[in-house]
Amino acid sequence: NEYMKDNFLIKIETWHKPDMGHQENVHGLDAETWKKVDVVYIDIGDRTQVEPKKELPKKTDCPHMCAYKLVTVKFKWWGLQNKVENFIQKQEKRLFTNFHRQLFCWIDRWIELNMEDIRRMEEETRKELDEMHEVVMVVVVVVVVVEVEVVEVVVAVMRVKDPVKGMVALED
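Take 18 as the starting number for the sequence shown in our numbering and just add one per residue.
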């Protein structure tokens, strides 16, 4: 972020393991950092789950996989830091729960895919996203009013290229 520089960060790291979520510190954090980690268990099969569980079920008689997510959020802005960081963490939990539920519900769409199929789909998606991000027109209209009389109208049209690829907005 150009405005907040190093004072804003959202980082998501994932490990997929063939277990039921019983491994501790999969991401290999140092002891001091691990003490600060809040572990939240999400059971995507439990549609009634409102509050985070303190532990996962002990089922072992079925295929299983656990996605260990490490979400790091840093938002250094006096007066807003805790609220924004907590809000982001809550939204990440909601996103992970919904995404993994949908992924499981769509299992019949992807269970038979091989790596070649997946790579082809990734490439098609990349092309579609590149086309969508090519050019976005942004129109800004500024109206200056002085004592109920319109004094000046400024219209700025900017072409905005994809900021992820390092391009910046250009004024026409």
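Virtual Cβ for every residue (Gly too), placed ideally from N, Cα, C.
Distance between residue j and residue i (C-alpha atoms, nearest Å)
| i | j | result |
| --- | --- | --- |
| D147 | E141 | 10 Å |
| H117 | I59 | 10 Å |
| L87 | D47 | 14 Å |
| N24 | W95 | 11 Å |
| K52 | Q119 | 32 Å |
| M135 | M21 | Sequence inspection shows Ile at residue 135; the Met mentioned does not correspond to that position. I135 and M21: Cα-Cα distance of roughly 36 Å. |
| N103 | M138 | 35 Å |
| V205 | I128 | The question about residue 205 has no answer, for the chain in this structure spans 18 to 189. |
| I124 | L130 | 10 Å |
| M132 | E49 | 39 Å |
| V224 | E41 | Residue 224 falls outside the range modelled here, since the chain spans only 18 to 189, and no answer is possible. |
| W32 | V43 | 7 Å |
| K107 | V90 | 11 Å |
Per-residue DSSP class, three states only, for residue i
| i | result |
| --- | --- |
| K93 | coil |
CB contact flag (residue i, residue j, <8 Å)
| i | j | result |
| --- | --- | --- |
| F92 | V101 | yes |
| Y85 | K34 | yes |
| C83 | G45 | no |
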